[in-house]
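Peer 1: Starting off with a structure, shown below.
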Amino acid sequence: FKSEYEMAPGKFLNVTNGIDHRRWLAQINPDLHALIKELIGDRYLKEAEMLTGLRKYADDKTVLAKLAEVKTKNKNRFAKYLADTQKVIVDPSSMFDSQVKRLHEYKRQLLNVLNIIHLYNQIKDNPSIEMQPRTFYFGAKAASGYYRAKRIIRLIGDVANTINNDPDVNGRIKVLFLENYRVSLAEILIPASELSEQISVAGTEASGTGNMKFMINGALTVGTLDGANVEIHDNVGDDNIFIFGLTTEDVEKLNVSGYNAYSYYDKDPDLKRILDQISQGVFGGVEYNDITSSLIIGGNGPADHYMLLADFRSYVDIQSEVSKKYADKDAWNRSSLLNIAASGVFASDRSVAEYAKLIWRI
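This is the structure we're talking about:
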């Protein structure tokens, strides 16, 4: 609509998406709702901005302990669900790290996989290394004809099988691709999640709402400055979110100057090792040359169109910061509470009110 915008710019404006907080908090996470009601009452059900009243409890250790109890209960519930339905055993004391969304290259599930393999390599190099135990959850569906997406799903499965069955790992990391990801599964997983992966390359996500659902349930976000992550960052501040990677402006500049994906592969030995392992069949005996070639060399289009290699080192570094913060339970729970307190602005009530006022004028 470029030409229309130039003629009448006032007709075009942004309304940020919202979520139904009565469903995505009160209904799916009744213990958290009960705690919030105990602290600030239940007016927030109709006036989501009332959640800001939780901020005064950010340094109350009794409240933070109760919040941690709620999360632990939800993690145990999800662990039982996995044991009952998928015959999979997970450690509820590990960090629950979730990336659940459509499987698409721009959402960069593959970047998450590269970091998981990096952690695995650290364990293989030093089997006694201390590492924050973490369970990585992937949940996704892909378009039926999207071949590359299906290859990435298969790679995640092969990486999971290798890591989950290696005795050297000894429970420090576990990888699961959840079966048949859907709303009813999200309603159990999201209250149990502690880290929300929102790692699309800057400038590609219009505005999803998964990040809002995780936030309102107390998960911390690791993400790029893309989509609604920008507004989450604005509302929670630097200390309560993990931001990494290129900005939209950085991406545009790299595209203009000429993005050389191979240089990242050539200069970063950790990254080179990971990509070589993927292409050489270390995981599942399958050689994923098609995936690695698309990142390093290109094919039908430019190499690494979504700039995973450019963001790899920044992502690895921020994940290290995530683990450090998780080790400090009070600091983590404080940030969790502050995320919940800041989430009211992402209620769909606010979105509808903005439409009514600014667009429908009713």
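Anchor point for the sequence shown: position 118 equals 267 in my numbering, and the numbering is continuous, going up by one each time. Note that CB positions come from ideal geometry on N, CA and C, so glycine has one too.
#1: What is the DSSP secondary structure of E436, reduced to helix, strand or coil?
#2: Kindly indicate which three-state DSSP category T396 falls into: helix, strand or coil?
#3: Within a Cβ cutoff of 7 Å, which residues of the same chain sit near H267, ignoring the five residues on either side of it in sequence?
#4: Assign I365 to buried or exposed, taking buried as 16 or more other Cβ atoms, counted over all protein chains shown, within 10 Å of its Cβ.
#5: Whole angstroms are fine: how far does the CA of R171 sit from the CA of H182?
#6: Might you give, ordered along the chain, the residues of its own chain that have their beta carbon closer than 7 Å to the beta carbon of T441, omitting 5 neighbours on each side?
#7: From the DSSP output, read off the bridge partner residues of L325.
#8: Considering only residues of the same chain and omitting the five flanking positions on each side of G202, which have a CB-CB separation below 6 Å?
#9: Could you give the distance in angstroms between the alpha-carbon of N404 and the alpha-carbon of A377?
#10: On a Cα-Cα basis, can you pick out the residue from Y193, I272, V431 that is closest to G320?
#11: Between which two residues does the beta strand (DSSP E) holding L369 run?
#12: Given 8 Å as the limit, is there contact between the segment 480-490 and the segment 388-406, that is, 3 or more CB pairs closer than that?
#13: When you compare only the Cα positions, how much space is there between G407 and A491?
#14: Does D479 pass the burial test, meaning 16 or more other C-beta atoms within 10 Å, or should it be called exposed?
#15: Expressed to the nearest angstrom, what Euclidean distance is found between the alpha-carbon atoms of F161 and A355?
#16: Could you give the distance in angstroms between the alpha-carbon of Q281 and the alpha-carbon of Y269?
#17: Please determine if the segment 441-461 and the segment 299-312 are in contact, where contact requires at least 3 C-beta pairs separated by less than 8 Å.
#18: Going by C-alpha to C-alpha distance, which of I348, D246, A175, G159 sits closest to Q258?
#19: Can you tell me whether DSSP reads Q248 as helix, strand or coil?
#20: Can you give me the start and stop residues for the alpha helix (DSSP H) that L268 sits inside?
#21: Return the bridge partner residues of F461 from the DSSP annotation.
#22: Just mark F93 as buried or exposed, buried being the case when its beta carbon has 16 or more other beta carbons within 10 Å.
#23: Tell me which residues share the same chain as Y206 and place their Cβ nearer than 7 Å to its Cβ, disregarding the 5 neighbours each side in the sequence.
#24: Check whether chain D comes within 8 Å of K205, counting only Cβ atoms and requiring the distance to be less than that.
#25: Would you say the beta carbon of I305 comes nearer than 7 Å to a heavy atom of the ligand ZN?
#26: Is the segment 358-372 touching the segment 339-348 in the sense that three or more CB pairs, one from each, lie closer than 8 Å?
#27: State the Cα-Cα distance for the pair N409 and D453, rounded to the nearest angstrom.
#28: Is K236 near D180, with beta carbons less than 8 Å apart?
#29: Is the CB-CB distance between V371 and I489 below 8 Å?
#30: Going straight from the alpha carbon of L334 to that of K250, what length do you get?
#31: Is DSSP giving F512 helix, strand or coil here?
#32: L193: buried (16+ other C-beta within 10 angstroms of its C-beta) or exposed?
#33: What is the rounded straight-line gap between the Cα of D383 and the Cα of V494?
#34: From the DSSP output, read off the bridge partner residues of L344.
#35: Where Y286 and N264 are concerned, what is the direct C-alpha to C-alpha distance, given to the nearest angstrom?
#36: Distance check for L374 and A505, CA to CA, integer angstroms please.
Peer 2: Taking the coordinates as given:
#1: coil
#2: coil
#3: D419, I423, V465
#4: buried
#5: 9 Å
#6: L424, I427, S428
#7: Y286
#8: I189
#9: 23 Å
#10: I272
#11: 369-372
#12: yes
#13: 39 Å
#14: exposed
#15: 15 Å
#16: 12 Å
#17: no
#18: I348
#19: strand
#20: 258-274
#21: Paired residues: none, contrary to the question.
#22: This structure cannot settle anything about residue 93, because the visible part of the chain is limited to 150 through 511.
#23: L188, V212, L486
#24: Among the chains in the structure shown there is no chain D, since it carries only a single protein chain.
#25: With respect to small molecules bound, the structure shown includes none, and the ligand ZN cannot be examined in it.
#26: yes
#27: 9 Å
#28: no
#29: no
#30: 12 Å
#31: Any property of residue 512 remains undetermined from this structure, which presents the chain solely from 150 to 511.
#32: Looking at the sequence shown, residue 193 is not Leu but Tyr. Classification for Y193: buried.
#33: 11 Å
#34: D246, L369
#35: 14 Å
#36: 28 Å
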